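To start, the structure itself, in structure tokens.
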Amino acid sequence: DNGECDVLLRADDIVHDDSSPVQARVLRKAFRGSEFLYTLQLVNGQQLQAHVPSHHDHAVGEWIGVRVQADHVVTFAREHGSAAA
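Quick note on this note's numbering: the sequence shown kicks off at 4 and runs consecutively.
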């Protein structure tokens with residue numbers, strides 16, 4: 004066992020942060036009342052979702068700063084030969 008794992012990050016674990024060095028491009032957004040559900044793409048191509056307060060109304064295609072703020076981390080042992088999605 005090499006100890007590698009995949010980490011599950013929920014949309015509420017991803018926080019909008021203009022000062023973050025981690026940038027993500029807005030691919031899609033869905034208005035959910037007090038927040039938007041953004042589908043984001045990191046520089047490496049990996050996609051994730053984030054709940055962002057509705058006063059942060061970013062355009063599709065715009066790059067925004069994000070960071071992880073997770074209170075509970077869920078991990079899965081990585082099977083030999085599998086890659087992170």
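Don't be surprised by glycine CBs; every beta carbon is placed ideally from N, CA and C. Please read all numbers here as calculations on a predicted model, not as lab measurements.
Option nearest residue i by Cα separation, candidates the options
i, options, result
"residue 30", "13, 81, 12 and 39", "39"
"residue 20", "75, 55 and 82", "55"
"residue 24", "75, 52, 8 and 46", "46"
Contacts around residue i, its chain only, beta-carbon distance under 7 Å, and the 5 residues preceding and following it disregarded
i, result
"residue 16", "71, 72 and 73"
"residue 14", "40, 52, 53 and 54"
Contact belief for residue i with residue j at Cβ below 8 Å, rounded distance in angstroms
i, j, result
"residue 27", "residue 67", "6 Å"
"residue 49", "residue 41", "That belief does not hold up - the Cβ atoms of residue 49 and residue 41 are roughly 14 Å apart, past 8 Å."
Beta-carbon contacts of residue i that lie in its chain and below 8 Å, excluding the five residues immediately before and after
i, result
"residue 36", "57"
Reduced DSSP secondary structure (H/G/I, E/B, other) of residue i
i, result
"residue 14", "helix"
"residue 52", "strand"
Cutoff 6 Å; reference residue i; Cβ partners in own chain excluding five residues on either side
i, result
"residue 63", "29"
"residue 18", "70 and 72"
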